[in-house]
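Peer 1: Residue numbers (my numbering): 220 to 331. Quick reminder that beta carbons are idealized off the backbone N, C-alpha and C, glycines included. All figures in this text were calculated on a predicted structure; none of them were measured in a lab.
1) Could you check whether residue 298 and residue 262 sit closer than 9 angstroms to each other, using their CB atoms as the reference points?
2) Among the residues of its own chain, which have a CB less than 8 angstroms from the CB of residue 307, if the five just before and after it don't count?
3) Counting only the same chain and skipping the five closest in sequence on each side, list residues whose C-beta sits under 7 angstroms from that of residue 318.
4) Could you check which residue in 256, 304, 280 has the C-alpha nearest to that of residue 287?
5) Hey, out of 267, 273, 269, 294, whose CA is closest to residue 241's CA?
6) Using a Cβ-Cβ cutoff of less than 7 angstroms, which residues in the same chain neighbour residue 270 once the five nearest sequence positions on both sides are dropped?
7) Is residue 261 helix, strand or coil when you go by DSSP?
8) Find the nearest neighbour of residue 295 within the set 249, 277, 245, 323, judged by alpha-carbon distance.
9) Buried or exposed, going by whether 16 or more other CB atoms sit within 10 Å of the CB of residue 220?
10) On the three-state DSSP scale, how would you describe residue 309?
11) By how many angstroms is the C-alpha of residue 276 removed from the C-alpha of residue 290?
See below:
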């Protein structure tokens with residue numbers, strides 16, 4: 220019970236996991252299944268890794284990370300810049316990632 224004497228449900232007392240929320244948004248809005256893996260991002264230090272959402276082959280296996288629990292970050296298609304979307308703008312994240320990576324195939328590694 221809360222201070223007003225009302226019964227709280229499980230969803231009111233616990234905050235949703237941002238990874239689950241974004242994963243569900245991609246599935247609901249675009250029908251794309253993402254997986255959760257461990258990845259290294261520019262905001263991780265040393266041997267640290269963070270949880271990441273990894274996109275399907277259709278999106279070139281794009282990896283999305285949560286920077287400082289406030290912004291979603293992903294590397295742009297050119298591989299040079301990082302793009303950030305506020306955590307609570309999940310629909311915008313889905314739209315931007317799909318617009319940029321739809322049908323993208325990452326280049327093969329260069330050999331000397």
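Peer 2: Looking at the atomic coordinates:
1) Going by C-beta atoms, residue 262 is not nearer than 9 angstroms to residue 298.
2) If we look at residue 307 and ignore the five residues flanking it on each side, it has no Cβ neighbours.
3) Nothing meets the Cβ criterion.
4) Out of 256, 304, 280, 304 has the C-alpha closest to the C-alpha of residue 287.
5) Considering only 267, 273, 269, 294, the residue with the shortest C-alpha distance to residue 241 is 273.
6) The answer, listed in chain order, is 238, 255, 257.
7) For residue 261, the three-state secondary structure derived from DSSP is coil.
8) Of 249, 277, 245, 323, the residue nearest in Cα terms is 323.
9) The predicted position of residue 220 is uncertain, since its pLDDT is 49 and thus under 50; a value taken from the coordinates is nonetheless stated next. Its Cβ having fewer than 16 others within 10 Å, residue 220 is exposed.
10) It is helical.
11) When rounded, the distance between both Cα atoms is 24 angstroms.
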